[in-house]
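> Take a look at this one; I'll ask things after.
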Amino acid sequence: HSLVARKAFRFILPSVILLVVVYAFGLFQTSGTESRVRMAHRRLFVGVHLAAFVFVSFWYPHRGPVEAALTLSRSTDFVDRLVIVDGDEDALGGHYYLRREKLDVSLISRSDLTAWLRRERPRAPLYILVSNEPLPPTAVEPHALELVGEFRNWPDLQRHARRWLYRLRS
8 HSLVARKAFR FILPSVILLV VVYAFGLFQT SGTESRVRMA HRRLFVGVHL
58 AAFVFVSFWY PHRGPVEAAL TLSRSTDFVD RLVIVDGDED ALGGHYYLRR
108 EKLDVSLISR SDLTAWLRRE RPRAPLYILV SNEPLPPTAV EPHALELVGE
158 FRNWPDLQRH ARRWLYRLRS
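Straight run, no breaks: the sequence shown in my numbering ends on number 177.
Dropping the structure here:
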């Protein structure tokens, strides 16, 4: 279920798995003589599924947001306040990865970030999670940004899954 991003398809997935099991059972039934085509088809079937199993064992979807959340949860100076720039509440890959009882999340557009910092005057260090594109070095002057990490899916084919985590310093 964790491989499928769409909720509707998650309900269809168990039936697809059962169909593959029935197909595999029929594929491995022997009827005395075996044709070369059937043997090649069986090997191809097993090879593709083993390759898919190995691939899925090391790859997981939403790697960028999840790795950003895990990095943030390991930060000792993270004090339960996060600013998400150009993203929504799902930009972090799940707040439960942060292991916090209470979390103050502010959603801000890139163009409003400087005005928000002037208005709020947050205590440093403040963590800023940015989606899609990194912030330029002069984005929050007179404050300084320290890049904590850059997180992307593998393979990096989805721009909306890219995350940059910054620490704001005064």
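Ideal Cβ positions, reconstructed from N, Cα and C, are used throughout, including at glycine.
Report the CB separation of isoleucine 135 from tyrosine 173 in whole angstroms; it is logged as a contact under 8 Å.
4 Å
> Note the first and the last residue of the continuous alpha helix (DSSP H) segment covering serine 80.
Start and end: 70-81.
> Please state whether the Cβ-Cβ distance between phenylalanine 158 and glutamate 74 is less than 7 Å.
Contact annotation: phenylalanine 158 and glutamate 74 have beta-carbon atoms nearer than 7 Å.
> Could I get the ranges of all uninterrupted alpha helix (DSSP H) runs contained in the stretch 102-173, with 4 residues as the minimum, in chain order?
120-127
> Excluding five sequence neighbours on each side, which residues of the same chain lie with their C-beta closer than 7 Å to the C-beta of leucine 133?
Arg88, Val90, Leu175
> Check for me: the beta strand (DSSP E) holding leucine 89 runs from which residue to which?
Annotation: the continuous beta strand (DSSP E) that includes leucine 89 extends over 88-92.
> List the DSSP bridge partners of leucine 51.
Leucine 51 pairs with nothing; no bridge assigned.
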